[in-house]
Amino acid sequence: DAGVIQSPRHEVTEMGQEVTLRCKLISGHNSLFWYRQTMMRGLELLIYFNNNVPIDDSGMPEDRFSAKMPNASFSTLKIQPSEPRDSAVYFCASSSTGSSGNTIYFGEGSWLTVV
Amino acid sequence: AQSVTQLDSQVPVFEEAPVELRCNYSSSVSVYLFWYVQYPNQGLQLLLKYLSGSTLVKGINGFEAEFNKSQTSFHLRKPSVHISDTAEYFCAVTLSGTYKYIFGTGTRLKVLA
Chain A
15 DAGVIQSPRH EVTEMGQEVT LRCKLISGHN SLFWYRQTMM RGLELLIYFN
65 NNVPIDDSGM PEDRFSAKMP NASFSTLKIQ PSEPRDSAVY FCASSSTGSS
115 GNTIYFGEGS WLTVV
Chain B
13 AQSVTQLDSQ VPVFEEAPVE LRCNYSSSVS VYLFWYVQYP NQGLQLLLKY
63 LSGSTLVKGI NGFEAEFNKS QTSFHLRKPS VHISDTAEYF CAVTLSGTYK
113 YIFGTGTRLK VLA
């Protein structure tokens with residue numbers, strides 16, 4: 015079975031540009047997580063969707079960040095405008111129910127560098 | 013609020029030696045506990061998890077962990093490591109009935125030849 019698929023794997027962009035990260039969930043999963051990983055802050059949960067509905071977006075840093083789930087299998091994370099401090103690895107992860115005790119499956123990450 | 017502490021940021025160990033990666037958690041209610049591994053330039057993948065039942069949990073690649081409620085610990089062990097075990101290891105906890113995973117800061121295991 016295909017795992018969580020993220021694109022692009024690597025992105026280098028200039029400050030002020032819009033960045034869109036994409037994620038395809040594992041078939042049959044109905045919960046979606048976006049995480050950000052940096053050396054300074056480790057793994058941070060940005061937003062959590064369940065059945066396409068955003069349940070918890072308290073981790074979204076500021077209004078420059080937005081996430082959508084237009085259908086049950088796909089999500090985007092957008093940063094507009096991007097800033098150098100947004101440089102990080104962004105992980106998408108999915109699970110089958112979103113309740114505790116269920117394994118979350120991570121994609122391989124999108125490595126973002128904003129210069 | 014719950015939290016996870018991984019006391020060791022880096023652990024160097026020689027190949028075929030045993031290793032223990034430490035994880036302590038803080039919570040006043042029931043928790044589920046996980047260990048994930050992250051190989052270089054990859055995402056995290058599940059090694060093992062404790063939900064209930066036997067406190068000794070076996071995972072993939074020969075790893076195991078023991079849940080100790082009195083010491084609020086969930087240490088990861090492997091009796092004999094390989095070069096290929098070089099990676100970063102994350103302990104995580106969720107509260108029973110919630111979706112939010114709290115990850116530790118990670119322990120970088122470096123296996124030396």
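From first to last, the protein sequence lines stand for chains A and B.
FYI, in the numbering used here the residues of the first sequence are 15 to 129.
FYI, in the numbering used here the residues of the second sequence are 13 to 125.
All C-beta atoms, glycine included, are put in the ideal place defined by N, C-alpha and C.
Do B/V49 and B/V105 have their CB atoms nearer than 7 Å? Residue numbering aside, residue 49 of chain B sits at position 37 when the second sequence is read from its first letter. Residue numbering aside, residue 105 of chain B sits at position 93 when the second sequence is read from its first letter. In this structure, B/V49 sits away from B/V105, with a CB-CB distance that is not shorter than 7 Å.
State yes or no: is the C-beta of A/R88 within less than 7 Å of the C-beta of A/K38? What you label residue 88 of chain A is simply residue 74 of the first sequence in a count that begins at 1. What you label residue 38 of chain A is simply residue 24 of the first sequence in a count that begins at 1. This sequence places Phe at residue 88 of chain A; Arg is not what is there. Cβ distance < 7 Å, so A/F88 and A/K38 count as in contact.
So within the region 17 to 81 of chain A, which uninterrupted beta strand (DSSP E) runs reach at least 3 residues, ignoring any that extend past its ends? The region 17 to 81 of chain A contains these whole beta strand (DSSP E) runs: 19 to 21, 24 to 27, 33 to 38, 45 to 52, 56 to 64, 67 to 70.
Check the DSSP bridge columns for B/F75 and list the partner residues they point to. Residue numbering aside, residue 75 of chain B sits at position 63 when the second sequence is read from its first letter. None, per the DSSP bridge assignment.
Give me, in chain order, the residues of the same chain whose beta-carbon lies closer than 6 Å to that of B/T117; leave out the 5 immediate sequence neighbours on both sides. If you number the second sequence from 1, residue 117 of chain B lands on position 105. Spatial neighbours of B/T117 in its own chain (CB-CB distance under 6 Å, excluding positions within 5 residues in sequence) are listed in chain order as Q18.
Find the residues of chain A that neighbour B/G118, judging by a C-beta separation of less than 7 Å, and give them in chain order. The residue you call residue 118 of chain B lines up with position 106 of the second sequence. Near B/G118 (Cβ distances below 7 Å), the residues of chain A are G56.
Contact criterion: CB-CB distance below 7 Å. Does A/G30 meet it with respect to chain B? For the purposes of this step, residue 30 of chain A is taken as the residue at position 16 of the first sequence. At a cut-off of 7 Å between beta carbons, A/G30 makes no contact with chain B.
Got a sec: which bits of the region 33 to 53 of chain B sit with their beta carbon under 9 Å from any beta carbon on chain A, in order along the chain? Listed by position, the residues of the region 33 to 53 of chain B near chain A (Cβ gap below 9 Å) are V43, Y44, F46, Y48, Q50, N53.
Looking at C-alpha atoms only, which residue of B/Q22, B/N53, B/V31 is the closest neighbour of A/H24? The residue labelled residue 24 of chain A in the question sits at position 10 within the first sequence. Among B/Q22, B/N53, B/V31, the Cα nearest to that of A/H24 is on B/N53.
Using CA atoms only, rank isn't needed, just tell me which of A/R78, A/W125, A/N116, A/F79 is closest to B/V43. Position 31 of the second sequence, counting from 1, holds the residue named residue 43 of chain B. The shortest C-alpha separation from B/V43 is found at A/N116.
Tell me which same chain residues have a C-beta within less than 6 Å of the C-beta of B/F26, skipping the five on either side of it? Start at 1 with the first residue of the second sequence, and residue 26 of chain B comes out as number 14. Within the same chain, B/F26 has close Cβ partners L124.
Touching by the beta-carbon criterion (3+ pairs, under 8 Å), the region 74 to 89 of chain B and the region 27 to 35 of chain B: They touch, by the three-pair rule.
Nearest-angstrom Cα separation, counted from B/D97 out to B/L68: To locate residue 68 of chain B, count along the second sequence from 1; it is residue 56. To locate residue 97 of chain B, count along the second sequence from 1; it is residue 85. Each residue's Cα considered, the two are about 21 Å apart.
Which of the three DSSP states is assigned to B/R89 in this structure? Locating residue 89 of chain B in the second sequence gives position 77, counting from the first residue. Correct three-state label for B/R89: strand.
Could you pull out every residue in the same chain whose Cβ sits closer than 6 Å to the Cβ of A/T34, ignoring the five residues on either side in sequence? On the first sequence, residue 34 of chain A is found 20 positions in, with the first residue counted as 1. In its chain, beyond the 5 residues on either side, T90, K92 have a beta carbon closer than 6 Å to the beta carbon of A/T34.
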